Structure formats: C-alpha cells, structure tokens
Amino acid sequence: MRGAGQRVSVAGGRIASVHAALALTPDGGGEVRVLPEEGGVPVDPRPADAAEVAELERSASPRWVLADVAAMYPGLLRAGARLSRCHDVASTEALLLGAEGDAEGAAAVTAARAGAATSAVEPAPQPSLFDDEAAPPPEAPDAEGVGAAYADQLARLERLRERLPGLGLLVAAESASCLAAVEMTAVGVPWDADTHDRLLAELLGPRPSSASVRPAKLQALAEEAAAALDNPRVNLDSQVDLLRSLRRAGLPVTSTRRHELRRHDHPAVAPLVRYRELARLHAAHGWAWRDQWVRDGRFHPEYVPGGVVSGRWATRGGGALQIPKAVRAAVVAPPGRLLVVADAGQLEPRVLAALAHDPGMISATAEGDLYAALAREALGRPEARAEMKVALLSAMYGGGAGSPALAALRRRFPAALALLETAARTGEAGGSVHSVLGRTSPPRSPDWLSGLADAVAGARSRAYGRFTRNFVIQASAADWAAVLLATLRLSLADLRDRGFAELVFFQHDEVVVEVDTPLADAAVDAVRAAGATATRLVLGDTGVHVPLEARAVRSYADRP
DNA sequence: AGTCACAGCCAC
DNA sequence: AAACGTGGCTGTGACT
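If you use the numbering used here, the first sequence corresponds to residues 1135 to 1694, in order.
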C-alpha cells in the first residue's frame, strides 16, 4: 500500500483529502477501505453497501478509487449512491500504458472497457447493488487490491510527471468523465415523442401500421425515382442494383454517392437523393429507433468515455453522437425545466493556435468567428471565410495541399502550420505524438509496412502521418472537453440541492444541461465558468480565447 | 442463422 | 468541389 495515500498530482485540480478504495463484487460481497493518509478514519476493510457509501460520501467526500467505474457505478447509482470524485483504475491504466509505450496493453484495456456490457439502462429489480450479473469485472479485486493498483498507478504517474506534466490532470478529468458518462446514461436525454412523431410525419408520412411497410412519402419518392429510371423493380436500397439501373438509364456514374449523382441532370437524381436521405432517417432515427432507445420520455444512449483513440467519447448503442439535426427539435425540456445548450465554437483551430504558441493565430482567436479573422489576416479578404475554413481544416486533416488559402496560412501563421507538419512527419516515421495533457497516440504496428511494395508502404506511411497530424489537435480538444465536463459536473452538484440540475448530453465540444427553470441562469454561468476553467487549465496562459456559447432554451434545436 | 466487409451517410 | 481526420449505424450481399 506504499504511496496509496499520496495526493494525486493535479495541476490546479481539486484534491480530496481522503481516498477510499471501494471494491464491490458481483456475489454480494463488498468492502470499502479508506486509504491511509489523514487521521481519524478507519483504514481496515469493512463491508460496504450503497447506503454506507452514500453516508461516507456525505461525511468525508473521499476520492473513491474504483477498479472500473463503467462496471461498478451504474449499480451504485441505482441504489442511490452518487459519487462526486473518483480515480478510475481502468481508464487510468489505458492512459498510463499508452504513455509508457505499451500500445498492445493500452488497446486491450480500451477494448475491454468499450465492450463491457454495463447496463445503467436496465432498471434494478431490487435495490441491491449486486444483482447486476451483466457486468462483473473480469477479476473483481478486493479493496486492498484496488488500493494497491492505485498506489502503483500513482507511482507510475510520478515517474511520468517530468515528461508529461499534464497527465495527472488528464487522469482526474478522465475519471470524472467516467462518472459523468454513467450518470448521463442513467438520466437520459428528454425526448418528446409527439414532436418526434410530428417531424417524422412531415418528412415521411404517418407511421405505418407495420414496420415492413414504407411510410407514404418515402414510398412515393421511391416510385418516382424508379419510374424516372424506367425500372419499377429496382431496389433503391441495393447499391449493386441501383448502380446497374442508373447506368442503364444513361447516367455514367461509378458510384451511387450523393455528390456524384448530383453532378448529373437527370429526373431520377432529385427523388433518389431525397429518398435516401429520408430512408436513412427512417431507419436510423425513426419509430423503431425510438421504440428501442427511448423509455418514459427519455433517450438513454450508452457512452464510452475515451473509447476513441484520440480520447473522444464513443457510444455503444443508440447513436447518441450522430443525432441528425433533422430530429433535434425532439429534444425538449419537460414542463418546468429548461435545457442549457452550450458548444465551443471552432475549438480545434483554437487549440492549434495554443499548442503552437502562434502569436498571430492566437490574436485571431479573440474574435468570435476565427475563420473570418484568419481570412482577413492571411488573405486580406474577410469574405474568403469559407475558403479559409476549408484550408485550415485541410491542414489539420492532411487534405489537399494545393490551395492558395493554405499557402497564405503557411506564410502568415508559420508556427501553427509547422506544428502540424512536425506531427505528420513523426507519424510517417512511425513515431508517437501526444495531446497537450499527455494522451499518447498508439505507435504504428511494426509489421504494418512489412512486405509491401514501396509505393503502398509510402501511402500507408502518409496515412499514418495524417492520423498523427490530426491526433495532436483532436486529442487536445478532447482534453479540453474532459476538463470542461469534470468542472461542470462538480458545479452542478452544488446546484442540485436547489432542484434538478443534470448533465444530459455531451458530444465532443458541446454539452446539454437540464435544469429546473429557476436554476437556468446559474447553470448558464456554471457552463461558462467551466469553459474558462478548461481553457486556463488545458491551454495555459497562451492567451487563446475559446468562446463557449451557453443559452437556456426549451429545445435542443433552438439555437443559432 | 450468425458474421463480415462494404457502401453510404450521419455527427464532430 | 472534393479530400482529408475520428467515429456509429444501416442495409446489402457474400460468406460460414
């Protein structure tokens, strides 16, 4: 247990004075062990249940050390024990293994977490903690084992501190994100079925009595497209069949992609493109989707914090990170409540400016519309905003190098562009890069290039360079978002004794908070403050400005 | 009856 | 105008 009571080294983070290892096993056993550091608290393991955890949370507010928040916290939460601070051994292990260069280990830990069958969604048949047979950790360690793992991780963090000074903050923020994800899955997003029905009916026609029947408007579009192709039997959902029919109808296309279809002036194009747009909505976010994912007026997706290599969140079901704009109007606050919707504008290029310490680009972040500012600064034409946006995104994604706007960017903001080029070259050479707080990109696997012709190997190397080029930005933006979430989550806990205040949605650079109407102003303030904290802690004193628009609305769609 | 790759498109 | 980064999800069609 050596070192178990050491403080987590967290620059600017909050530090609990008491650390408690919590181990709960699926067979009904459970124990809590307060780790030695401060006096007056028993250090021997003792049986624990949710009530006791909740009591300890009230009296001591420890930093709970859990083997795997995703597996253990849903049951605790259902039983009424809400934790405010924790150290998640599982997600921390993935971060540490990555930083230590153990790519296989890191990938295995992440894959195990992403595949774990947690189910905060299932209602507990009884208030017991331990009936969740779906999610026993592979080996449920006792509290002493969890404490030992914690001590080991703290020692490894300490060893990495000089090389990756932000990693302690990232560990804390990632752990908090894991708590937030479980809570968000449990509470769900308010989903108004009537509004959803109205949107679907307007676009598709009324809900058919059978799932195997196309809604009327969809059917009409399908018939119109088929008639224009002079082939009433064509299966529009079959790429093979559709491509054949298109070519027979005289359209020299090589794919059935929308952008290729739109190049041709043919009566089938418009109904076909519209059909596919609506067919996708019907299949992915229509009535069947709602039947599966919306219960009691709320959408309960399953989140996997850190499930993406870059540290972004993934989802395991429900498609929460791809809710189409067309149906967002169905996210409506229930009576007496409002949604506080906030998103960081142009987060990634602002992060780039900070990482590169590019003075010109940092100055430009003072403006709300960064792309317009860059167009003015680099091209002298604010109206070239769209061109500049494409050029900057290309620079961050590794896309087309030939545009005049990109050349202008390189002349005017050399430090920013050089950072991207360096990251790309590192990846092309097979090296790793890391985010601002120290999340490490997986190294290219050693045999990735073996046995390939030079040309193929070169293409693969460049592809890996595009990955690392983007990683430094995307992963650093994810760092920022994790600190935002961790900070906001604690602020909302302070609001909660005055009423309902919950994080209900998070997507890369935007959050939605649901609050009782009287708390809306306070929640808006909390979101803005959390954004400022994230910018200060993650991007330091670079002077970069990250605007976080936050507004209280009734519906998710009510925003600019 | 499952599994898989693919094409295509949704989100950031 | 498209391509380029990270994903999820759907239906098809080929496979076991």
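A virtual CB, placed ideally from N, CA and C, is assigned to each residue, including glycine. All of these numbers come straight from a predicted model, not from anything done at the bench.
query, result
"Using a threshold of 8 Å, state whether the C-beta atoms of V1672 and L1571 are closer than that.", "yes"
"If you draw a straight line from the C-alpha of A1246 to the C-alpha of D1236, how long is it?", "16 Å"
"Using the beta-carbon count (16 or more within 10 Å), is H1679 buried or exposed?", "buried"
"Candidates A1240, L1313, E1234: which alpha carbon is nearest W1198's?", "L1313"
"Using the DSSP secondary-structure output, state which residues sit across from G1451 in a beta bridge.", "E1436"
"The beta strand (DSSP E) spanning W1198 covers which residue range?", "1197-1200"
"Let's test the definition: count the other Cβ atoms within 10 Å of the Cβ of Q1480 and tell me whether it reaches 16, buried, or not, exposed.", "buried"
"Considering Cα atoms alone, identify which of P1435, Y1598, G1431, R1484 is closest to P1468.", "G1431"
"By a C-beta neighbour count over all protein chains shown, 10 Å radius and 16 as the cutoff for buried, is D1631 buried or exposed?", "exposed"
"Among the candidates G1585, G1564, A1612, A1616, whose CA atom is the shortest distance from the CA of R1596?", "G1564"
"Compare the C-alpha of T1556 against each of Y1598, I1457, T1226 and name the closest.", "Y1598"
"Does E1517 pass the burial test, meaning 16 or more other C-beta atoms within 10 Å, or should it be called exposed?", "exposed"
"I'd like to confirm the pairing. Which residues does DSSP put opposite R1219 in its beta bridges?", "R1197"
"Taking the alpha carbon of L1622 as the point to measure from, which residue in A1241, L1682, V1524 has its own alpha carbon closest?", "L1682"
"Can E1647 and Y1690 be called in contact, C-beta distance under 8 Å?", "Here the sequence assigns Val to residue 1647, which means Glu is not the residue at that position. No, the pair does not count as a contact, with Cβ atoms beyond the cut-off."
"Grab me the residues of A1360's own chain with a C-beta within less than 6 Å of its C-beta, minus the 5 sequence neighbours each way, in chain order.", "P1366, V1368"
"How far does the beta strand (DSSP E) with D1650 in it reach, from first residue to last?", "1644-1650"
"Taking only three categories from DSSP, how would you classify R1429?", "strand"
"Do A1535 and A1422 come within 8 Å of each other at the CB atom, strictly closer than that value?", "no"
"Of all the options A1205, L1363, L1200, R1216, which has the alpha carbon lying nearest to the alpha carbon of L1190?", "R1216"
"In whole angstroms, what is the alpha-carbon distance linking S1566 and Y1437?", "27 Å"
"Which ranges does the alpha helix (DSSP H) cover as unbroken runs of at least 4 residues, wholly within the segment 1477-1555, from first to last along the chain?", "1481-1490, 1493-1498, 1504-1508, 1519-1531, 1538-1546"
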